[in-house]
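Take a look at the structure below.
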Amino acid sequence: NPLPDGCSLLEIEHITQSVVKSHIETSQYSTDELKRMMWTLYSPEETRSYQTKSAEMMWQQCAIYITNAIQYVVEFAKRITGFMDLCQNDQIILLKAGCMDVLLIRMCRVYNPINNTLLFDGKFATPQLFKALGCDDLVNAVFDLAKSLSRIQMSEEEIALFSAAVLLSPDRPWLTDVQKIHKLQEKVYVALQRYLQKGGGSEEKLAKMVSKLPTMKSICNLHIDKLEFFRLVHPETVYTFPPLYREVFGS
Amino acid sequence: KEKHKILHQLLQSSTSPVDL
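Going down the list, the protein sequences come from chains C and D. Here the first sequence stands for residues 1 to 251, where the numbers follow the numbering used here. Here the second sequence stands for residues 252 to 271, where the numbers follow the numbering used here.
What follows is the structure, encoded as structure tokens:
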């Protein structure tokens, strides 16, 4: 792959190391911890106790859980070479628009394809556990995406570079310095391509990763739609959600 | 700034991996 104008191999290597190091430092669970947790499942009784929660309670618990994860995404972004050189307006916009994308990509680390479970609040849960949310379509779409992302079998390095490239999307609305972000994304994308090539991964693997972007976008939109509907029905509950959640996913 | 107070704070804070 040709290098972007004015970019050296050394710089691509530096970006690769910076993104991978940031990913490892800002992943909530290490791969060893996840291996140990992978078979810690919710019992049928525990699943039923989640299913019998009120929608308000379940929404609030999920909002708290996602908010905790968002903080790790902010720290991931801050450690990516060049991100903190962007103006604050663009840093905020990229995080608001892209943090759910990063969480969806990272989700394949905490998904067990053998029993279709996802790590939630310390144990691995089936889609049925989230019934009380009243968003079965959103939950099923998330689990289906986790399944298809896990089939690609991305390494930690590939997850790191792919999520950084998605976060640095220059096509987000209201960005100030689109050109600067485009250059940054291009370097991270070339770093991902070169990493895949070095590992013998084909262009096909990259194409599979990129093919998930439309699904990720529709899940992000569905999440906002569900949140807006929930806010209409339970405005007082949304007001108790963590302020960071409301800041990121608010208007 | 007011609208994204927490994001601004998080972006300014120097959090070490240990803090995370």
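Where a beta carbon is used, it is the ideal one built from N, C-alpha and C, also for glycine.
Asked	Found
Using CA atoms only, rank isn't needed, just tell me which of C:Glu-236, C:Leu-192 and C:Leu-244 is closest to C:Ala-253.	Residue 253 of chain C cannot be examined here, being either before or after the span of chain C that is shown, 1 to 251.
Within a Cβ cutoff of 7 angstroms, which residues of the same chain sit near C:Leu-99, ignoring the five residues on either side of it in sequence?	It is Cys, not Leu, that sits at residue 99 of chain C in the sequence shown. Excluding positions up to five away in sequence, the list reads Ile-70, Val-73 and Val-248.
Name the chain D residues that come within less than 9 angstroms of C:Ile-66, Cβ to Cβ?	In chain order: nothing, as chain D lies at least about 14 angstroms away.
Against chain D, with Cβ distances strictly below 9 angstroms, would C:Pro-243 count as a contact?	yes
So the candidates are C:Lys-198, C:Gln-17, C:Leu-129 and C:Val-190; which of them puts its Cα closest to the Cα of C:Asp-5?	C:Val-190
Go through its chain and collect everything with a Cβ distance to C:Thr-117's Cβ below 7 angstroms, but skip five positions before and after it.	Leu-41, Phe-124, Ala-125 and Thr-126
Taking C:Asn-112 as the reference, which of C:Val-19, C:Glu-46, C:Ser-18 and C:Met-37 has the closest Cα?	C:Met-37
How about C:Cys-62 and C:Phe-143: are their beta carbons less than 9 angstroms apart?	no
In the DSSP assignment, the beta strand (DSSP E) including C:Phe-124 goes from what residue to what residue?	123-125
My assumption, with CB atoms under 8 angstroms, is that C:Gln-179 sits in contact with C:Ala-165. Please give the rounded CB distance.	Wrong, their Cβ atoms sit about 17 angstroms apart, outside the cutoff.
For C:Arg-151, which residues of its own chain have a beta-carbon under 6 angstroms away from its beta-carbon, when the five flanking residues on both sides are left out?	none
Could you spell out where the alpha helix (DSSP H) holding C:Leu-213 opens and where it closes?	213-233
Could you spell out the range, first to last residue, of the beta strand (DSSP E) harbouring C:Phe-120?	117-120
Spell out the partners DSSP gives C:Leu-41 in its beta bridges.	C:Phe-124
Tell me the residue span of the alpha helix (DSSP H) that contains D:Lys-256.	256-263
From C:Lys-35 to C:Arg-106, what does the alpha carbon distance come to, in whole angstroms?	15 angstroms
If you check the beta carbons only, do C:Leu-95 and C:Leu-167 fall under 9 angstroms apart?	yes
Of the residues that make up the segment 84-97 of chain C, which ones have a beta carbon closer than 9 angstroms to any beta carbon in chain D?	Met-84, Gln-88, Gln-91, Ile-92, Leu-95 and Lys-96
Going by Cα to Cα distance, which pick from C:Ser-18, C:Ile-64 and C:Pro-44 is closest to C:Met-84?	C:Ser-18
Measuring straight from C-alpha to C-alpha, what distance separates C:Met-209 and C:Glu-158?	10 angstroms
Just to confirm, are C:Gln-51 and C:Ala-132 a CB contact at a threshold of 9 angstroms?	yes
At a Cβ threshold of 9 angstroms, is C:Glu-46 touching chain D?	no
In whole angstroms, give me the CA-to-CA distance for C:Ile-203 and C:Gln-153.	Checking the sequence, you will find Glu at residue 203 of chain C rather than Ile. Computed Cα separation, rounded: 14 angstroms.
Out of C:Gly-82, C:Asp-90, C:Ser-148 and C:Leu-138, point me to the one whose CA is closest to C:Ile-114's CA.	C:Ser-148
Taking buried to mean at least 16 other C-beta atoms within 10 Å of its own C-beta, is C:Lys-187 buried or exposed?	buried
Output, in chain order, the set of chain D residues within a Cβ distance shorter than 7 angstroms of C:Lys-78.	Leu-262
Indicate whether C:Leu-222 and C:Asp-137 have their beta-carbon atoms separated by less than 9 angstroms.	yes
Using the three-state DSSP reduction, which class does C:Tyr-29 fall into: helix, strand or coil?	coil
Taking CB distances under 9 angstroms as the criterion, tell me whether C:Glu-247 reaches chain D.	yes
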